[in-house]
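For the sequence shown, my numbering gives the first residue as 5, with consecutive numbering after it.
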Amino acid sequence: MPFQNTMGDYQTRQTLETFGFLPPLTQEEIFDQIAYVIAQGWTPSIEHIHPSQAMNHYWTMWKLPFFGSVDLQQVISELEACHRAYPDHHIRFTGYDNYTQSQGSAFVVFEGRR
Numbered sequence: 005m006p007f008q009n010t011m012g013d014y015q016t017r018q019t020l021e022t023f024g025f026l027p028p029l030t031q032e033e034i035f036d037q038i039a040y041v042i043a044q045g046w047t048p049s050i051e052h053i054h055p056s057q058a059m060n061h062y063w064t065m066w067k068l069p070f071f072g073s074v075d076l077q078q079v080i081s082e083l084e085a086c087h088r089a090y091p092d093h094h095i096r097f098t099g100y101d102n103y104t105q106s107q108g109s110a111f112v113v114f115e116g117r118r
């Protein structure tokens, strides 16, 4: 018998990352979140994955993390380049906190076609 996920109840739904329960972020809100990550001194990173594998696979990193980056426009340009290269994929922005060695923020910027 194949494995069946029995967690949750009829009201539970799958979401993508930190802001998954909220309405989609506006472009200005996305820029504000990225600027916050940079202002905290966290390391920005971009990842992508096809929607069919988003819940059970590691996401693929787009280039290397932006160690020491303080340029908001550079990060936004790379997000857009990743989206152009993989238009059907989910594109996630992550801010890594070097001090706690954990993710300080993570959210999906572009949702792929399902």
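Glycine included, C-beta positions come from ideal geometry on N, C-alpha and C.
1) Taking the alpha carbon of Arg88 as the reference point, which residue from His52, Phe23 and Thr47 has its own alpha carbon closest?
2) If you pair each beta-carbon of the region 57-68 with each one of the region 76-95, do three or more pairs fall below 8 Å?
3) Using 10 angstroms around the beta-carbon of Gly99, count the other beta-carbons present and answer buried if the total reaches 16, otherwise exposed.
4) Suppose you measure from the CA of Ala43 to the CA of Cys86; what does that come to, to the nearest Å?
5) Which value, in whole angstroms, describes the spacing of the CA atoms of Gln105 and Val41?
Quick answer:
1) Selected option, being the one with the closest Cα: His52.
2) At 8 Å Cβ cutoff, the stretches touch.
3) buried
4) The alpha-carbon atoms of Ala43 and Cys86 are separated by roughly 23 Å.
5) Those two C-alpha atoms are separated by around 14 Å.
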